[in-house]
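What follows is a single structure, written as structure tokens, with notes after it.
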Amino acid sequence: MIVKTDFDRVIDRRGTCSVKYDCAEGRGKPADILPLWVADMDFQSPPAVREAVQKVAQFGIYGYTAADDSYTAAVRGWFSSRFGWDPEAQWLVTTPGVVCAVANAVRAFTQEGDGVLIQTPVYYPFGEKILCNGRRVVENPLIFRDGRYTMDFEDMERKIIEEKIKLFIFCSPHNPVGRVWSREELLRLGDLCHRHGVIVISD
Ligand SMILES: Cc1ncc(COP(=O)(O)O)c(C=O)c1O
460 MIVKTDFDRV IDRRGTCSVK YDCAEGRGKP ADILPLWVAD MDFQSPPAVR
510 EAVQKVAQFG IYGYTAADDS YTAAVRGWFS SRFGWDPEAQ WLVTTPGVVC
560 AVANAVRAFT QEGDGVLIQT PVYYPFGEKI LCNGRRVVEN PLIFRDGRYT
610 MDFEDMERKI IEEKIKLFIF CSPHNPVGRV WSREELLRLG DLCHRHGVIV
660 ISD
């Protein structure tokens, strides 16, 4: 089903405990700023999502829940139809959020003192979760040229070798630079990490 969304409709989110708007001043920003740091939409979620949430709200009991088979089927269906990839149900692990998953993966796949690679500038919790787990941040800065950011593959390979990198936290699409990486960039990146045995956390 095709659902049309009015992307020109401006919805005032102030006064809704929104981190993006209501916490800006508390974070030292001007009150009238348009915050773009967080992956937080200003468009309404599609009708099917709103209806599902309303159904749960109407039920009125908000007890503990667990992901059931319909959840697993939905996630697998998405990966299959979008990416032609069919993960086994037992490979899927739920977490409270991406940042929590990143922190757990850092602990699972590296040891204290190891370097973890990130492409800066990047969503600040990546570096935070590396450091607070006693690992080192190894930066592979993006190149800014002619108003566009690209990856520095030579620098990346050098750092992987010199710093004995086992883990790379990849931001795709990239926050904050706004790049949707091309197929060529992704293939080159995948090949590079594969050749050096680097595990990729793809956020
Ligand atoms: C790149 C990126 N990853 C993860 C998150 C947060 O994900 P979660 O709320 O699931 O921890 C954000 C939020 O802005 C983000 O920009």
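Under our numbering, residues 460 to 662 are what the sequence shown spells out, in order.
Heads up, the beta-carbon is just placed ideally off N, CA and C, and yes, glycines get one too.
Quick one: using the 10 Å Cβ neighbour count with 16 as the cut-off for buried, is residue i buried or exposed?
{"i": "D528", "result": "exposed"}
{"i": "V565", "result": "buried"}
{"i": "I648", "result": "A small correction: the amino acid at residue 648 is Leu; Ile does not occupy that position in the sequence shown. Burial call: buried."}
{"i": "R594", "result": "buried"}
{"i": "C476", "result": "exposed"}
{"i": "L493", "result": "exposed"}
{"i": "Y530", "result": "exposed"}
{"i": "A532", "result": "exposed"}
{"i": "G656", "result": "exposed"}
{"i": "Q578", "result": "buried"}
{"i": "M615", "result": "buried"}
{"i": "F585", "result": "buried"}
What's the gap between the Cα of residue i and the Cα of residue j?
{"i": "F521", "j": "A562", "result": "In the sequence under discussion, the amino acid at residue 521 is Tyr, which differs from the Phe named in the question. The alpha-carbon atoms of Y521 and A562 are separated by roughly 28 Å."}
{"i": "T441", "j": "A511", "result": "This structure leaves residue 441 out entirely; the chain is present only between 460 and 662."}
{"i": "P580", "j": "S540", "result": "32 Å"}
{"i": "F518", "j": "G474", "result": "26 Å"}
{"i": "G572", "j": "L626", "result": "13 Å"}
{"i": "I461", "j": "H653", "result": "38 Å"}
{"i": "R607", "j": "R638", "result": "8 Å"}
{"i": "D465", "j": "A507", "result": "16 Å"}
{"i": "Y583", "j": "K514", "result": "35 Å"}
{"i": "S631", "j": "K479", "result": "21 Å"}
{"i": "V469", "j": "W496", "result": "19 Å"}
{"i": "D650", "j": "T569", "result": "21 Å"}
{"i": "R509", "j": "P489", "result": "32 Å"}
{"i": "S641", "j": "N634", "result": "15 Å"}
Check the C-beta distance from residue i over to residue j and give it rounded, since I have them as a contact under 8 Å.
{"i": "I628", "j": "V597", "result": "In fact, because the Cβ distance is near 10 Å, the residues do not count as touching under 8 Å."}
{"i": "L437", "j": "I619", "result": "Since the first residue shown for the chain is 460 and the last is 662, residue 437 is missing from the structure and cannot be characterised."}
{"i": "V557", "j": "D662", "result": "6 Å"}
Query - the segment 532-549 in contact with the segment 598-606 per 3-pair CB rule at 8 Å - result: no
Query raised in the report: Are the segment 608-625 and the segment 582-592 touching, with three or more C-beta to C-beta distances below 8 Å?
Result: no
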